[in-house]
Each structure stands twice: as structure tokens, then as C-alpha cells.
Amino acid sequence: MMLALPRSFYQRPATDVAPDLLGKLLVRQTELGLRIGRIVEVEAYLGREDLAAHSSKGVTPRTQVMFGEAGHAYVYLIYGMHHCMNVVTGPAGSGSAVLLRALEPVQGLALATNGPGRLTRAMEIDKQFYGADLCRPDSTLYLADDGPHPPAEILTSPRIGVDYAGAWAAAPLRYYLAESAWVSGRPAARSRARNRADKTFSKN
DNA sequence: CGGTCGATGATT
DNA sequence: ATCATCGACCGC
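See the structure below:
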């Protein structure tokens, strides 16, 4: 199997880890086979002072993994139906993490992967991975390097869906690959996802 | 196209 | 009551 990224990769500020995650592989070993996607869009959540971060509420049953050791998964359910996956970053106690928002399909992916809810659905990631250690060699969920790539332009923007967070709503903490067609909210990816869904549903 | 809204359940 | 979302539906 591929080599999981070492814990030291995650033990840095979320603002360093987030752009470095772009181009990395998210690897998921399911019962049926390997599913792999290349990360093209992420968001950094900085910790207690960041009003958009769940950890700004302090340590709760839900957020405690954010305050734990870096390199673990923080998975939560949003709007009653979608899971979102973060990787915990920084020193323990910082409450910082990076949300994975979109993948470019590489292997074994049949469903759309643009958007945090679709990403977890396509990769079959749910709360069973809450707190999972992404650095264990036997993990069925981990991140890995994708070998050498040509240099890719990284853009930033405010984070999506955090308008409630006051001044933090405007912070440029969303990072994405400029040229990727798989970033969420992109017209090309949207119609592609739409066509795929239409095919799935017309199969009666 | 773009705006708007309902689903659905954990969290506070 | 709110929400780190998605997709359906509406009007143009």
C-alpha cells in the first residue's frame, strides 16, 4: 500500500497544512476496493479565536478530537444528512483543522466528489471515522503523496457557508487549485455532476 | 442561468 | 434555533 503522510506533516499551523494538502491523495480502503481522490480544495479552521471553527465553542464531546493530536480525522454530520471530513492540525490543544472540500477522482470513485458532503459520500466516510488516526499504517483511511507534479497555482477565497462568523467570515482561508475542474461550485463540475446524477436516476 | 427553500438530525 | 450542504424547483 501507499505510504501514509507522517504525523509531522499535520503538526504545523492549519494555514501551512492546508495549501500543502492540495495535490495529496486521499486513500480509502473499502470492502470492495480502493478509492482514491486527489485533493483540490480545502479550508483551514484555526482554533478557539476563529469564530467559524467548531472549536471556538471550546472542548465538547463533538469537538474534543479537534483538540487532540494532529493527524486524526474530525468527521461530523451537518444539516442532518451530510458528513464533512477534517484533518486535525497543529499542536494538541490548538483546536485547528483543515476541511477537505473537493477531490479529483483518481481510482474507484463513481459519485461526484466536488463539495465536502459529496466527497464523504463518494469515499464512504462517516462518523465511524470520527477520531480515526490517519497515520496508522493499517488505517483504511489516510493521506499520501502523489509523486512529483508540475507546479500548480493555488488561489484563496473566503470560506464557504460561514457568514455568521463576523470578521472571520472574510478571512481568505479557503485554498484551491486554480486550474482544477473538480473544485466545488464550478460550472463545469456542476454540469458534470448533474449529468452523472441524471444517468443514475434514469436507470429504472 | 440565478435565487430560494426544504430536508433532517446533532449540537448548544 | 442553528448549521463548515445539497439538490430541487422556480422565474427569467
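Residue numbering for the first sequence follows the working numbering, beginning at 1422 and increasing consecutively. Built from N, CA and C at the ideal position, the CB exists for glycine as well.
1) By a C-beta neighbour count over all protein chains shown, 10 Å radius and 16 as the cutoff for buried, is MET1423 buried or exposed?
2) Give the DSSP-derived three-state secondary structure of GLN1528 in the structure shown.
3) Assuming contact is defined by CB atoms lying nearer than 9 Å, are VAL1519 and ALA1439 in contact in what I supplied?
4) Compute the distance between the beta-carbons of ALA1627 and THR1510, then report whether it is under 9 Å.
5) Please state the DSSP three-state secondary structure of ASP1566.
6) Just checking my contact of VAL1461 with ALA1565 at CB under 8 Å: how many whole Å lie between their CB atoms?
7) If you run the structure through DSSP and keep just helix, strand and coil, what is GLY1536?
8) Return yes when the Cβ of LYS1548 is within less than 9 Å of the Cβ of TYR1636, no when it is not.
9) Taking 8 Å as the threshold, find out whether the segment 1473–1488 comes into contact with the segment 1533–1546 through three or more Cβ pairs.
10) When DSSP labels each residue in this structure, what does PHE1622 get in the three-state scheme?
11) Of all the options LEU1598, ALA1553, GLY1552, LEU1594, which has the alpha carbon lying nearest to the alpha carbon of ALA1474?
12) Would you mind reading off the limits of the beta strand (DSSP E) that contains THR1510?
13) Taking buried to mean at least 16 other C-beta atoms within 10 Å of its own C-beta, is MET1487 buried or exposed?
14) Go to VAL1438, then tell me how far its beta strand (DSSP E) extends in each direction, as first and last residue.
15) Within 10 angstroms of its Cβ, does LEU1453 collect 16 or more other Cβ (buried), or is it exposed?
16) If LEU1443 sits next to LEU1562, beta carbons under 8 Å apart, how far is it from one beta carbon to the other, in whole angstroms?
17) On the three-state DSSP scale, how would you describe GLN1432?
18) Can you tell me whether ARG1681 is helix, strand or coil according to DSSP?
19) If THR1541 sits next to GLY1458, beta carbons under 8 Å apart, how far is it from one beta carbon to the other, in whole angstroms?
20) Along the beta strand (DSSP E) that carries SER1578, what are the first and last residues, could you check?
21) Below 9 Å between beta carbons: does that hold for GLU1525 and SER1578?
According to the structure data:
1) For the purposes of this step, residue 1423 is taken as the residue at position 2 of the first sequence. Residue environment: MET1423 is assigned as exposed (fewer than 16 neighbouring CB atoms within 10 Å of its CB, all protein chains considered).
2) Taking the first residue of the first sequence as 1, we reach residue 1528 at position 107. Here GLN1528 sits in strand by DSSP.
3) Sequence index remark: in the first sequence, residue 1519 carries index 98 (1-based). Sequence index remark: in the first sequence, residue 1439 carries index 18 (1-based). Yes, the pair counts as a contact, with Cβ atoms nearer than the cut-off.
4) This structure leaves residue 1627 out entirely; the chain is present only between 1422 and 1625.
5) Residue numbering aside, residue 1566 sits at position 145 when the first sequence is read from its first letter. Coil at ASP1566, not helix or strand.
6) The sequence position of residue 1461 within the first sequence is 40, counting from 1. The sequence position of residue 1565 within the first sequence is 144, counting from 1. Not confirmed; about 15 Å, so no contact.
7) The sequence position of residue 1536 within the first sequence is 115, counting from 1. GLY1536 falls in the coil class under three-state DSSP.
8) Limits of the chain in this structure are 1422 at one end and 1625 at the other, which puts residue 1636 out of reach.
9) Segments in contact, no.
10) Translated into positions along the first sequence, residue 1622 becomes position 201. In this prediction, PHE1622 scores a pLDDT of 29, lower than 50, which makes its location untrustworthy; the coordinate-derived value is nonetheless stated afterwards. Here PHE1622 carries a helix assignment [DSSP, helix/strand/coil].
11) Stepping through the first sequence from its first residue, residue 1474 is reached at position 53. It is LEU1594.
12) On the first sequence, residue 1510 is found 89 positions in, with the first residue counted as 1. Unbroken beta strand (DSSP E) run through THR1510: 1503–1510.
13) Position 66 of the first sequence holds residue 1487. Answer is buried; the Cβ neighbour count reaches 16.
14) Walking along the first sequence from the start, residue 1438 turns up at place 17. VAL1438 -> not in any beta strand (DSSP E); alpha helix (DSSP H) instead, spanning 1435–1442.
15) As a position in the first sequence, residue 1453 is number 32, starting the count at 1. Exposed is the call here.
16) The residue labelled residue 1443 in the question sits at position 22 within the first sequence. The residue labelled residue 1562 in the question sits at position 141 within the first sequence. Incorrect: roughly 19 Å between the Cβ atoms, too far for contact.
17) Mapped onto the first sequence, residue 1432 falls at position 11. Three-state DSSP puts GLN1432 in coil, outside helix and strand.
18) With the chain represented from 1422 up to 1625, any question about residue 1681 goes unanswered, as that position is not in the structure.
19) The sequence position of residue 1541 within the first sequence is 120, counting from 1. The sequence position of residue 1458 within the first sequence is 37, counting from 1. With 8 Å as the limit, THR1541 and GLY1458 do not qualify as a contact, their Cβ atoms being about 11 Å apart.
20) On the first sequence, residue 1578 is found 157 positions in, with the first residue counted as 1. Taken as a continuous stretch (DSSP letters only), the beta strand (DSSP E) holding SER1578 covers 1575–1578.
21) Locating residue 1525 in the first sequence gives position 104, counting from the first residue. Locating residue 1578 in the first sequence gives position 157, counting from the first residue. No, Cβ-Cβ distance for GLU1525 and SER1578 is not below 9 Å.
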